[in-house]
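Below is one structure; the comments refer to it alone.
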Amino acid sequence: MNSFPFLTTLTLIPLIGGVIVACLNPERKQFARRLAIVFSLAALAFAVALWFSFKADGGLQFVERAAWIPSLGIEYFLAADGLSLLMVLLAAIIIPFAMLSSAKIDKNPKLYFSLFLFLEAGLFGTFTALNFFHWFLFWELSLIPAFFLIKVWGGKERTRAAYQFFIYTMVGSVAMLLSFLAIHAATGTWDFIALAEIAGKGELKSALFAKLGGTFFESEQTLAMFIFVGVFLGFAVKVPLIPFHTWLPAAYAEAPTGTSMVLTGAMSKMGVYGFIRILLPIFPEQMREVLTPLLILAVATIVFSAFAALAQKDLKRMAAYSSINHLGYCLLGIFAAAQITGVGTDSATEKSAALSGVMLQMFNHGLTASALFCFIGLIEQRSGGLRGIDDFGGLRKVAPAFCGLLGITLFASLGLPGLNGFIGEFLIFKGTFPLVPWAAAISTVGLLVTAVLLLTILQRVFTGPLRKEWSGWTDLTSRERLTIAPVIALMFILGIFPQIVIGVINPTVLNLIKQLSL
Amino acid sequence: MWTSWTHSKADMSFNPQYLFLIPLLPLVAAGVSALIGRHQRKLAATLAIGSMALAFLISCAAFAASLNAPAQGEVFRQVFNFNWFQLGEGSLRLGFILDPLTAVMLVMVTFVGLLIFIYSAGYMAHDENFKQFFCFLSLFAAAMLGLLISNSLLLLFICWELVGLASYLLIGFWFQKPSAAAAAKKAFITTRIGDIGLFLGMLWLYGKTGTLLFYDGGNGCLESSALTQLVAQTAFAGMALSTVIALLIFCGAVGKSGQVPLHVWLPDAMEGPTPVSALIHAATMVAAGVFLMARVYPLVTAQAGDLSLPTTAAQVITFVGAITAVFAALIAVGQNDLKRILAYSTVSQLGFMMIGLGVGGVAVAMFHLITHAFFKALLFLGAGSVIHGCHEEQDIRKMGGLRKFMPVTFATYAIGMLALCGVPFFAGFWSKDEILHAAHAWPGSHIPFYLAIIGAFLTAFYMTRQVCYVFFGMHRGDKHHAPHESPRTMTVPLTILAVFAVILGFLGTPAWPWFSGWLTGHPVEFNFGKLLAGGALGMMVLSALIACGGIGLGWWVYAKAAAKPSIELDPLEKLSPVVFGWLRGRLFIDELYAATVIRLTTLLAVTSDWLDRVLWGGMVQLVGGCTNLFSRLNLTIDNTVVNGGFDQGCEGLRESAGWLSRLRNGQLQNYLRTIGAALFVLLLFLIWGRQ
């Protein structure tokens, strides 16, 4: 459709930037940081331009398609729909935000910032590629910079956390790769859209069975389920879904502030994105077969992580568990949307509510959670490394602006109406409740416990008498305020005018629903 | 797209499209004062008071418009609905409504709010966060007014949560006091427990009717076609769906309006500055629960079968209200903190409103809500004046004899107290009388009626106790700092409220029940004969007797005690230390919750954390260990037993297992070498594959 390769250009901006920054003179630390920020802002400007030139008519846009390795069915296939674009925009916002919050990086900053840019390229690629091979390359590419960012610049337990993160994700990825090798063997295509069509016609199972059935797999169902589980594992680890989540608290807690922000703000969305882009269209039948266990896992993720967060003493770990909790709502919405409840327009309304809610929640959680980690980073910076919930008290007296802006972030995170978090959660519940009342009802416990958690943070850290050792605490500097202000402003804007996002994703949602009801 | 406005009616003197200006004004004031510097105190106060005054004027215009009933038996109602955002094929719509229920609340909230804002300018004059206080007050006013004009349960819920936020911010306003910070959190969480019920009720209603608009030209969720559909379905335990949804929504009202068992936050909320207690935790926000139930009243009363009996929802509301009315009144008898007594009194009076709602309908409950708002705001502001005059003392045992020091405060407080006790011709008399009357005639049960009578008697008793301790007898406080009367910014609002605490009642006497006529769309004529007709007169005499009995007994018990120079033991404590200990200990509900709900939460949190570290973490370790073991075993077998000639699958297994085991010795170089090798092989494979 478009002759100009917009999406390739988008991915190339941070990639080239990363290479340039990596080649800089190591002495010029500030310059490396500034240059990296300039590249990420250029990518952001480009992403915003794409956002505004996007026509929300339901079709794929900015399509780039060329043969790559024809004999293996590998194509260079990039395109964007509402969901891709939303995620690209999120990544483009989070990366400069995280870079600006990484002012205090002293150890080899040029490498640090070039890794960030590579990570950004990986994210852009993942969110725009529609051919498995191509997509998987970027999926893995984003993993490597993240690993080094934790491993080199992390906290005390960084090595362990980095390995755990890597191995976990790698195991998931290997499982997914094997499943896709099988799928390719059976269908001869890597193309997500073609695969969804095949699956929609009900031919995927038989094709798989014809190729791979036999001694191990006696029925089509078992074989298809086996393949599904492989792909599922890859995404479930990434999101993460309990019980595949134990890497996360350690990784988030040990990573340097900026990396935690990207991990939670953008990378955790890769998993959810995979669920919507790949699992839901290609394996709806298999998801339905094991829907109850899946819903139980989602509900358990929501409730357990909320309670586990309450038991933590470290602010970063609290935020990490709370992040699991928030992504749990996304999975709840996705699984609910996979269900068939009769045919008719009614359940289509519920499903579109659930899926719109999921996409909004992805974007909103990205903003809120990364802002939360940014604040915790600032606290850590001022306290000389302390970030226990009991280490502070009464800070609101000396840092009213700090408290006010963090308060807004916390309330956005607990889903206060008027701020961004509410709409996504409301729509997820609105869609889920009529489809699976029990799951929605139990999940509301998560809403309550999260509120307890976030208000406890405000109470312990900011209220009460000011502790003597923190009487010299500095409020947010104007540079810090400028860094955070745009994100806070977005929280308000999206909370009041969600149509800005919904207008772009709605056609994508309707397309998905159409596919699901085939 | 989302700006496609839809009009409902064109012929109107007040276009409901402009209703949004009423909450918008204080919202703008809040926004501006959030951004200005903390020393611009005058600007903040001027903005807040000015915006509230304007909002009051617009509310009056809306009120005037709502006085024209379209026809006999029809309620004035105008709506304005608009799209908020797209949702699948359709869209999510919100709306504003103007009907008598909204109009009367708008006028009450803006008027009482305006007086309290003015009073606050005096009361908070020396606070360092003066500017912030007015910012939060304006935010509250905006959310509360938004709640009133909502024609959509979703918009109402949004504003409902925002008033909760404002309440949280204002209770915890003196954040350096740990008790205030804890009370703020408690209020937010406790009301949120109720809100979960409201949330689920809302989801259910939305799912079944497809809309959350209350009125939408016949398609709203409170209109007959939706109600018929809801009544026809049975949810569980034989209850109609409409009843279950009404009860879930009532959960929200229980939280917000401090009904048993979620009443525990309201007395603690007195940690906030006194104007906040008057505005939010007496007059307006806590009444939002009653307003909500009044708004969704068609859902409460919808039923299919025998129309003469009350629905389950109405019964539950009545009984919860009745229990709360007595329960809180009992606790109030044992309290010594001036504001806490009033807080329990508020809980109890909210219980009365719920009884009124259940037995008599919207008009009965709303009448008591409005009169209560005035006399309770008066009492709280009076209490603020007392606390101010007594140098921040709140213990009524350390006051006494203040009528000589603070004559204006005394006179106005006495009027408020008489109105609350239900002494004839004061506003509370008429509104409470209507509740008792309706409870007596209720076909459901007579128990609520008797509970209400006990509650009314206790109300008169504890208020007399308080007034005796505070204003009569001799001064028991610090001899060197004599109490003083408060400045005019505080006494003028008191006087105005006192006037209303008397005259408001005449809008709803049995002779001229204008209020209920207006709310239900039945214009009424003045008929003096009705005042003396059978049931009405008897009930008035009974309720007067109860009030006078309570006051008389209170005076008999406490007049002597108040005259003593110090109070060691309460007269009731001498009578029965155990019973009084329970009352003073607030029947130990907080302790019960601490031992059950809070402990359970902690336990669940610790368990989840343990599961995480031990069970899931352990499983991962186990899997890792097994892989390691398996790979070694496999390696050994391969080396010794299977010497060549093994099939492909086995090789794959060995490779992956060996790869995993190597990974586990934590050598990055090995890992990277593997990746490099794999990539190389892959590339070769691909190039080879092309040919």
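Residue numbers (the working numbering), protein chains in the order written: chain A, 5 to 522; chain B, 6 to 696.
From the three backbone atoms N, C-alpha and C, an ideal C-beta is built for every residue, glycine too.
Whole-angstrom distance between residue j and residue i, CA atom to CA atom
i, j, result
"LYS273/A", "MET91/A", "8 Å"
"THR413/A", "PHE101/B", "29 Å"
"GLY332/A", "CYS256/B", "26 Å"
"LEU153/A", "PHE43/A", "19 Å"
"LEU142/B", "VAL84/B", "28 Å"
"GLN519/A", "SER105/A", "41 Å"
"GLY222/B", "SER157/B", "13 Å"
"GLY42/B", "PHE139/B", "13 Å"
"ALA70/B", "ILE375/B", "19 Å"
"THR316/B", "TRP519/B", "27 Å"
"MET174/A", "ILE427/A", "34 Å"
"GLU161/A", "PHE379/A", "21 Å"
"TRP621/B", "GLY630/B", "14 Å"
"PHE230/A", "PHE128/A", "30 Å"
"GLU201/A", "LEU284/A", "12 Å"
"PHE533/B", "ALA541/B", "12 Å"
"GLY649/B", "VAL52/A", "Any reading at GLY649/B needs caution, since the residue's pLDDT is 46, under 50, leaving its predicted position unreliable; the model's value is listed next. Distance between the alpha carbons of GLY649/B and VAL52/A: 59 Å."
"ASP652/B", "THR226/A", "The pLDDT assigned to ASP652/B is 48, lower than 50, so where the model puts this residue is not dependable, and the model offers no usable value."
"TYR23/B", "LEU463/B", "45 Å"
CB-CB length for residue i against residue j, believed under 8 Å
i, j, result
"PHE476/B", "ALA424/B", "Not really, about 16 Å apart at Cβ, beyond 8 Å."
"THR13/A", "PHE50/A", "7 Å"
"ALA240/A", "MET291/A", "Their Cβ separation, rounded to whole angstroms, is 12 Å, which puts ALA240/A and MET291/A out of contact at 8 Å."
"LYS242/A", "GLY275/A", "3 Å"
"LEU45/A", "PRO100/A", "5 Å"
"ALA257/A", "LYS320/A", "4 Å"
"ALA228/A", "LEU212/A", "6 Å"
"ILE724/B", "HIS373/B", "With chain B covering 6 to 696 only, the question about residue 724/B has no answer from this structure."
"VAL301/B", "MET359/B", "The pair is not a contact, with the Cβ atoms about 14 Å apart (cut-off 8 Å)."
Distance cut-off 7 Å: residue i Cβ against heavy atoms of the ligand COA
i, result
"PHE169/A", "Among the components modelled here there is no ligand, and therefore nothing to report on the ligand COA."
Unbroken beta strand (DSSP E) run spanning residue i, endpoints
i, result
"TYR80/A", "78–84"
"SER96/B", "95–103"
"ASN112/A", "No beta strand (DSSP E) contains ASN112/A, which DSSP labels as neither H nor E."
"ARG69/A", "65–73"
Opening and closing residue of the alpha helix (DSSP H) in which residue i lies
i, result
"ARG400/A", "That residue, ARG400/A, is in no alpha helix (DSSP H); it is neither H nor E in DSSP."
"TRP251/A", "251–258"
"ARG464/A", "441–466"
"VAL364/B", "343–365"
"TRP209/B", "183–214"
"ASN88/B", "Looking at the DSSP string, ASN88/B is not in any alpha helix (DSSP H); the run it does join, the beta strand (DSSP E), is 83–92."
"SER230/B", "229–237"
"PHE8/A", "Premise fails: PHE8/A is in no alpha helix (DSSP H) and is neither H nor E."
"GLY513/B", "Element bounds for GLY513/B: n/a, residue is neither H nor E."
Exercise. Please confirm if the stretch 84–98 of chain B is in contact with the stretch 256–265 of chain B, defined as three or more CB-CB distances below 8 Å between the two stretches.
Key: No, they do not touch.
Quiz prompt | Interfacial residues, the stretch 338–352 of chain B to chain A, with Cβ spacing under 7 Å | solution = Among the residues of the stretch 338–352 of chain B, none has a Cβ less than 7 Å away from any Cβ of chain A.
Self-check item: Interface residues of the stretch 280–302 of chain B facing chain A [CB-CB below 7 Å]
Solution: Listed in sequence order: no entries.
Practice problem: Report yes or no: do the stretch 179–195 of chain B and the stretch 462–475 of chain A share at least 3 C-beta pairs separated by less than 8 Å? | Solution: Enough Cβ pairs lie closer than 8 Å, so yes.
Practice problem: Could you tell me whether the stretch 57–69 of chain B touches the stretch 21–34 of chain B, using the rule of 3 or more Cβ pairs below 8 Å? | Solution: In short, these stretches touch, since the Cβ pair count reaches three.
Quiz item: Is the number of C-beta pairs between the stretch 75–82 of chain A and the stretch 504–515 of chain A that are closer than 8 Å three or more?
Solution: Result no; under three Cβ-Cβ pairs closer than 8 Å.
Quiz item: Any contact of the stretch 272–280 of chain B with the stretch 341–350 of chain B, i.e. 3+ C-beta pairs under 8 Å?
Solution: Counting Cβ pairs under 8 Å, three or more are found: they touch.
Quiz item: For the stretch 514–530 of chain B against the stretch 394–407 of chain B, are there 3 or more C-beta pairs whose distance is under 8 Å?
Solution: Taking 8 Å as the limit for Cβ pairs, the verdict is that the stretch 394–407 of chain B does not touch the stretch 514–530 of chain B.
Exercise. Would you list, in chain order, the members of the stretch 89–116 of chain B that have their beta-carbon closer than 8 Å to a beta-carbon of chain A?
Key: Considering only beta carbons, the part of the stretch 89–116 of chain B lying closer than 8 Å to chain A consists of TRP89, PHE90, GLN91, LEU92, GLY93, GLU94, GLY95, in chain order.
Self-check item: Contact set between the stretch 205–216 of chain B and chain A, restricted to residues whose Cβ is under 9 Å from the partner
Solution: Within the stretch 205–216 of chain B, the residues whose Cβ lies closer than 9 Å to any Cβ of chain A are, in chain order, LEU205, MET207, LEU208, TRP209, TYR211, GLY212, LYS213, GLY215.
Quiz item: Which residues, in chain order, does the stretch 514–547 of chain B contribute to contact with chain A at a C-beta distance below 7 Å?
Solution: In summary, no residue of the stretch 514–547 of chain B has a CB separated from any CB of chain A by less than 7 Å.
Quiz item: Between the stretch 611–626 of chain B and chain A, which residues of the former have a C-beta closer than 9 Å to a C-beta of the latter?
Solution: Shown in chain order are the members of the stretch 611–626 of chain B whose Cβ falls below 9 Å from a Cβ of chain A: VAL611, THR612, SER613, ASP614, TRP615, LEU616, ASP617, ARG618, LEU620, TRP621, GLY622, MET624, VAL625.
Exercise. Taking a Cβ distance cut-off of 7 Å, strictly less, list which residues of the stretch 265–277 of chain B are near chain A, in chain order.
Key: Those would be none; no residue qualifies.
Quiz item: Can you list, in chain order, the residues of the stretch 411–425 of chain A whose Cβ is nearer than 8 Å to any Cβ on chain B?
Solution: Sequence-ordered contacts of the stretch 411–425 of chain A with chain B read PHE415, LEU420, PRO421, GLY422 [C-beta pairs closer than 8 Å].
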